[in-house]
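Undergrad: Structure provided below as structure tokens; questions to follow.
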Amino acid sequence: MDDHVVSVLSNIGVISFVALSAYLLLLTGEISFGQQAFFGIGAYAAAIATAMWGWPLAAGLMLGALAGASSALLVGLPTLRLHGLYFAVATLAFAEMIRILLELFHYQVAVDGELVGPNGTDGFGGIRYVFQNKIGAFEYMLLIYTLLATALAGLWLLERSRLGVAFRMIGGDETLAKTSGIAITRHRMIAAALAGALAGIGGGLYAHLTTYIEPRIFDIMLGVHALAYGLIGGLGTALGPLLGVLIDIGLLGSTRLFSGYRMIVFGGLVAVLLIFRPRGLLNEEMVHRIGSFWRRVWPTDPSQKSHGKT
Amino acid sequence: MKKTAMLSAAAFIGINLVFPAAAAQNIRAKADVVCEPTKENLTYDCKIKLVDARTNAPLTGVTLTVGADMPSMPGVHNLRSVIAQAQGDPGNYRAILELEMTGVWALRLDITGATRDRVVKVLRFGDD
Amino acid sequence: MIDFVQTTVDGVMVGCSYGLLAIGFTLIFGVIRRLNLSYGPSIMVGAYLGTFLYVQFGAGPLLVAVAVVAGAAIAGIYVERLCFAPMKGGAGVASMVSSFAIWMQLEQAMILLLPRHTYAFPALATGAPWEFGPFTLRPDQLLMLILAIATGIIVNTIIYRTRFGTGLRLVTSNQIAAHLVGVNVRNVMLGAFALASAVGGFAGFLVLAIDQQVTPMFGMWATIKGLIAMMIGGLGSVPGAIAGGLVLGVIEAHAQGLVGPQARDLTAYLLLFLCLVLRPGGLFGKAPEADGAFSSRST
């Protein structure tokens, strides 16, 4: 496979994690402008673990996920009772605070005669685990997609579990969900922690993919993009956000299609798309239609419980 | 919930089996990069010096490809890599970069061949 | 003590421009109950048009000011037509994401117009700072203060003394009722976008004239500062927007004076975060109940 293709696909894979993270919160009816913070926290935590403490990659990624989840819980405690715009702006404020704190974060050790570690606005380079352990670019891409597939499978199971139904109910009508006996706060916290963990793993993968991270990467632009991917691709399934990332980074970012005019064309297309499909390309109706088409082509045992409509 | 946890646990064990933490002692590359504007708008002439970080000996016999990313939006302004040409003294390379816009770019120096490594250099391009 | 007073005065000067930015933001939010992320970038369109005239033809500050306000208003109308007018009620997130897409579009268009990173912007007034005992006051900052107050009074007059203002207030408090008594809701919304973007454009002009330079980051800066000042002051409240701007300006100035430039932004976000958590309605707003339309729940 061409190096450029591998690099683009790897990028799509890691950014998908933060898009999925924003999507998971959208399911519960919350708009977050702050998932990039957990992506950043995960990236720094995983990178510190492998590049400075000599941990293996899996442990580093695990630490990234844990750091993402626990910071999401921490910020969730005071903010999850907020709604709509108030929640969105609170997450934005939190994420920007994290970014500025990362700009002030200096912690370096000498590795092979060079200082390695977070160095404020000058970033954190030399995250060389993948190179030190002779993992090829293609192998690393496979790792990203294995984990992404795992996350998708997890989300797929989640959406069919009681928990997933509760998430969508809270997202659909909170009062109704409450009267049906769903513990709103607890479910919101679970969703926030899962979303934080997803973003954290994505961040860890990103840090090891590029070998270099800096606070500026994790600014509001990334957060709003993550949110936009779900809406472009569709809120009907977890594949929607992936489609959004694929369209943006894969189709437009990497082909140099329209080059200098790319955002002018893309921005306009997204605006027009959202007029006709306010819940994205793969919205609930589309997912249902594909599902029923699939069942007609491939009839399953009628005694089996049918699933598909959310 | 439990299934998700089990799935991720399985995935992590998988990674450890496939990519064990080997204490591979390979060469760590260090790079100095100087880029100068050319007559063409947004095109830059970059001179790169590669050395072994431990011994400061020039890195030769490697293929160097140079790509660029804009840190302000990961993945979106991803420049197709160009192959740098060895030029002059050992360890010296030269690449011509065509950027999409001025501003801060993170140059990705990918080293392949005798040793594999990646060095990222953050540079500001533009007239100010 | 002298430093404290001087820093506070400087903060009030900057705070006035934040307040104006927040007024525009809050007018839009009041009528559509949705977040217009393209608010700052619309102002940037005006700012870049003004800069273009200044750089290419040497236009004076007055002409540049007119160009900035007109450019911002036109961009605001464009955003309203594309991102807000066609959306059915309830599709709040779609509108917001759409306004983000248009943000990217406007920003790139402006970078194509003026591709360098920094451009000079005409100064509002030149002259040495005046000294009052131990205090100094820049003439351009004083002029900005006067112009900001004048703009506030004009906006207030439009809202409370004109037919359009009555319609605007009616739509803000109850859209259905406004429709029933014969207010053309769509026209009011369009007018609100144009007015808000023009006010924002003027605020942008003042800020840039003080800085005497403009960069592509300006659109994002205007959205963020306007958003923070609006949220601190309370959603949908014009006096709240001014107060929020002043509070933000003064606190930022003190944080910078005491600790340094990074503390400036950190304090601003911390203030915003605490405000939302402890007093979500803002300093002057009501409790957050009128927020129903802004959520991901839709059609």
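Keeping their order, the protein sequence lines are chains A, B and C. Those letters in the first sequence? Residues 1 to 310, per the numbering used here, in order. Those letters in the second sequence? Residues 311 to 438, per the numbering used here, in order. Those letters in the third sequence? Residues 439 to 737, per the numbering used here, in order. All residues carry an ideal CB built from backbone N, CA and C; glycine is no exception. Here the structure is a predicted model, which means the values were calculated and not measured.
1) Give the secondary structure of B/Arg434 by DSSP, where H, G and I count as helix, E and B as strand, and everything else as coil.
2) Could you tell me whether any Cβ in chain A is nearer than 9 Å to the Cβ of B/Met377?
3) Any residues in the stretch 419-436 of chain B with a beta carbon nearer than 7 Å to a beta carbon of chain A? Which ones, in chain order?
4) Mind pulling the chain C residues with CB within less than 9 Å of A/Gly268?
5) Please list the partners that A/Ile182 has in chain B, where partner means a Cβ-to-Cβ separation under 9 Å.
6) Can you confirm whether the stretch 33-52 of chain A touches the stretch 85-103 of chain A when touching is taken to mean that 3 or more C-beta pairs between the two stretches lie within less than 8 Å?
7) According to DSSP, is C/Val652 part of a helix, a strand, or is it coil?
8) By the 10 Å Cβ neighbour count, where 16 or more other Cβ atoms means buried, how is A/Gly267 classified, buried or exposed?
9) Below 8 Å on C-beta distance, what does B/Arg364 contact in chain A?
10) Identify whether C/Ala563 lies in helix, strand or coil by the three-state DSSP scheme.
11) In whole angstroms, what separates the C-alpha of C/Glu569 from that of C/Phe442?
12) In the structure shown, what three-state DSSP assignment does A/Pro278 receive?
13) Name, going along the chain, the residues of the stretch 688-719 of chain C whose beta-carbon falls closer than 7 Å to a beta-carbon of chain A.
14) With DSSP as the reference, please indicate the residues paired to C/Thr574 in a beta bridge.
15) Label C/Gly642 either buried or exposed according to how many other C-beta atoms from any shown protein chain fall within 10 Å of its C-beta, with 16 as the threshold for buried.
16) Apart from the five residues on each side of it in sequence, which residues of its chain come closer than 6 Å, Cβ to Cβ, to A/Ala226?
17) Take C/Leu628 and list the residues in its own chain whose beta-carbon comes closer than 6 Å to its own, dropping the five residues that flank it on each side.
18) What does B/Ile406 pair with, by DSSP beta-bridge criteria?
19) Can you pull the chain B residues whose beta carbon is under 7 Å from the beta carbon of C/Ile662, in chain order?
20) Does A/Arg279 have its Cβ less than 9 Å from a Cβ in chain C?
21) Please determine, among A/Ala88, A/Gly40, A/Val8, A/Leu282, the residue with the shortest C-alpha to C-alpha distance to A/Leu25.
22) If I measure Cβ to Cβ from A/Val245 and keep anything under 6 Å in the same chain, skipping five residues before and after, which residues do I get?
23) For chain B, find out if any of its Cβ atoms is closer than 9 Å to the Cβ of C/Pro479; answer yes or no.
24) Could you pull out every residue in the same chain whose Cβ sits closer than 6 Å to the Cβ of C/Ala513, ignoring the five residues on either side in sequence?
25) Who are the neighbours of A/Ala228 on chain C, taking C-beta pairs under 8 Å?
26) Taking the beta carbon of B/Trp415 as the centre, do at least 16 other beta carbons fall within 10 Å, making it buried, or is it exposed?
27) Along chain A, in chain order, which residues have C-beta atoms closer than 7 Å to that of B/Ala416?
28) Do the CB positions of C/Gly683 and C/Leu475 come within less than 9 Å of each other?
29) Counting only the same chain and skipping the five closest in sequence on each side, list residues whose C-beta sits under 7 Å from that of A/Val287.
30) Which residues in chain B sit within 9 Å of C/Ile596, going by Cβ to Cβ distance?
31) Note down, in chain order, each residue of its chain lying with its Cβ closer than 8 Å to the Cβ of B/Gly377, except the 5 sequence neighbours on either side.
32) Below 7 Å on C-beta distance, what does C/Leu665 contact in chain A?
33) So the alpha helix (DSSP H) A/Trp156 belongs to, where does it begin and stop?
34) Please work out which residues of its chain come closer than 6 Å, Cβ to Cβ, to A/Glu214, disregarding the five sequence neighbours upstream and downstream, and give them in chain order.
35) Touch check for the stretch 427-435 of chain B and the stretch 623-639 of chain C: three-plus C-beta pairs under 8 Å?
36) So which of C/Pro654, C/Gly620, C/Ala706, C/Cys454 has the shortest CA-CA distance to C/Tyr486?
TA: With the given structure in hand:
1) As a working mapping, residue 434 of chain B is identified with position 124 in the second sequence. If DSSP states are grouped into helix, strand and coil, B/Arg434 belongs with the strands.
2) Position 67 of the second sequence holds residue 377 of chain B. Met is not the amino acid found at residue 377 of chain B; the sequence shown has Gly there. Yes, contact with chain A.
3) Flagged, chain order: Arg426, Asp427, Arg428, Val430, Val432.
4) Within the first sequence, numbered from 1, the residue matching residue 268 of chain A stands at position 268. Identification of chain C residues near A/Gly268 by a Cβ-Cβ cut-off of 9 Å yields Leu520, Ala539, Ile540, Gln543, ordered along the chain.
5) Numbered from 1 along the first sequence, position 182 holds the residue referred to as residue 182 of chain A. What A/Ile182 touches in chain B, judged by beta-carbon distance under 9 Å, is nothing: the nearest beta carbon there is about 15 Å away.
6) A contact exists between the stretch 85-103 of chain A and the stretch 33-52 of chain A.
7) Within the third sequence, numbered from 1, the residue matching residue 652 of chain C stands at position 214. Of the three classes helix, strand and coil, the one that applies to C/Val652 here is strand, per DSSP.
8) Within the first sequence, the letter at position 267 stands for residue 267 of chain A. A/Gly267 should be labelled buried.
9) Here residue 364 of chain B refers to the residue found at position 54 of the second sequence. In chain order: Asp112, Gly113.
10) As a position in the third sequence, residue 563 of chain C is number 125, starting the count at 1. C/Ala563 falls in the coil class under three-state DSSP.
11) Walking along the third sequence from the start, residue 569 of chain C turns up at place 131. Walking along the third sequence from the start, residue 442 of chain C turns up at place 4. Approximately 16 Å between the Cα atoms of the pair.
12) In the first sequence, the residue the question calls residue 278 of chain A occupies position 278. It is coil, neither helix nor strand.
13) Of all residues in the stretch 688-719 of chain C, Gln700, Asp703, Leu704, Tyr707, Leu708, Leu710, Phe711, Leu714, Val715, Pro718 have a Cβ within less than 7 Å of some Cβ in chain A.
14) Start at 1 with the first residue of the third sequence, and residue 574 of chain C comes out as number 136. Residue pairing for C/Thr574: DSSP places it in a beta bridge opposite C/Glu569.
15) Residue numbering aside, residue 642 of chain C sits at position 204 when the third sequence is read from its first letter. Buried, because 16 or more other Cβ atoms sit within 10 Å of the Cβ of C/Gly642.
16) Position 226 of the first sequence, counted from the first residue, corresponds to residue 226 of chain A. Val18, Ala19, Ala22, Gln35.
17) Working through the third sequence from its first residue, we reach residue 628 of chain C at position 190. Excluding residues within five positions, the ones whose Cβ falls inside 6 Å are Glu518.
18) As a position in the second sequence, residue 406 of chain B is number 96, starting the count at 1. DSSP lists B/Asp355 as partners of B/Ile406.
19) Position 224 of the third sequence, counted from the first residue, corresponds to residue 662 of chain C. By Cβ distance, chain B contributes nothing, its closest Cβ being about 15 Å from C/Ile662, past 7 Å.
20) Your numbering for residue 279 of chain A matches position 279 in the first sequence. At least one chain C Cβ lies under 9 Å of A/Arg279.
21) What you label residue 25 of chain A is simply residue 25 of the first sequence in a count that begins at 1. That would be A/Ala88, whose Cα lies nearest to the Cα of A/Leu25.
22) Taking the first sequence and counting its residues from 1, one reaches residue 245 of chain A at position 245. Within the same chain, and ignoring the five residues on either side of A/Val245 in sequence, the residues whose Cβ sits closer than 6 Å to its Cβ are Ile12, Ile15, Ser16, Ala19, Tyr229.
23) The residue given as residue 479 of chain C occupies position 41 in the third sequence. Nearest CB-CB separation between C/Pro479 and chain B: not below the 9 Å threshold.
24) What you label residue 513 of chain C is simply residue 75 of the third sequence in a count that begins at 1. Answer for C/Ala513: Ser480, Val483, listed in chain order.
25) For this step, residue 228 of chain A is matched to residue 228 along the first sequence. Taking the beta carbon of A/Ala228 as reference, the chain C residues within 8 Å of it are Val535, Phe538, Ala539, listed in sequence order.
26) Looking up residue 415 of chain B in the second sequence gives position 105. Answer is buried; the Cβ neighbour count reaches 16.
27) Taking the second sequence and counting its residues from 1, one reaches residue 416 of chain B at position 106. Annotation: Cβ neighbours of B/Ala416 in chain A (cutoff 7 Å, chain order): Tyr212.
28) In the third sequence, the residue the question calls residue 683 of chain C occupies position 245. In the third sequence, the residue the question calls residue 475 of chain C occupies position 37. Contact flag unset, no.
29) Mapped onto the first sequence, residue 287 of chain A falls at position 287. For A/Val287, where only same-chain residues beyond five positions count, the Cβ hits under 7 Å are Gly236, Thr237.
30) Residue 596 of chain C sits at position 158 when you count from the first residue of the third sequence. The premise fails here: C/Ile596 is roughly 38 Å from chain B at the closest Cβ pair, so nothing lies under 9 Å.
31) Looking up residue 377 of chain B in the second sequence gives position 67. Once the five neighbours on either side are set aside, the close Cβ partners of B/Gly377 are Asn388, Leu389, Arg390, Ser391, Val392, Leu417, Arg418, Asp420.
32) On the third sequence, residue 665 of chain C is found 227 positions in, with the first residue counted as 1. Per Cβ cutoff of 7 Å: Val89.
33) By one-based count along the first sequence, residue 156 of chain A stands at place 156. Element bounds for A/Trp156: 137-160.
34) Stepping through the first sequence from its first residue, residue 214 of chain A is reached at position 214. Contacts found: Gly123.
35) Per the Cβ contact rule, the stretch 427-435 of chain B is not in contact with the stretch 623-639 of chain C (fewer than 3 Cβ pairs under 8 Å).
36) Taking the first residue of the third sequence as 1, we reach residue 486 of chain C at position 48. Residue nearest to C/Tyr486 within the set C/Pro654, C/Gly620, C/Ala706, C/Cys454 is C/Pro654 (criterion: CA-CA distance).
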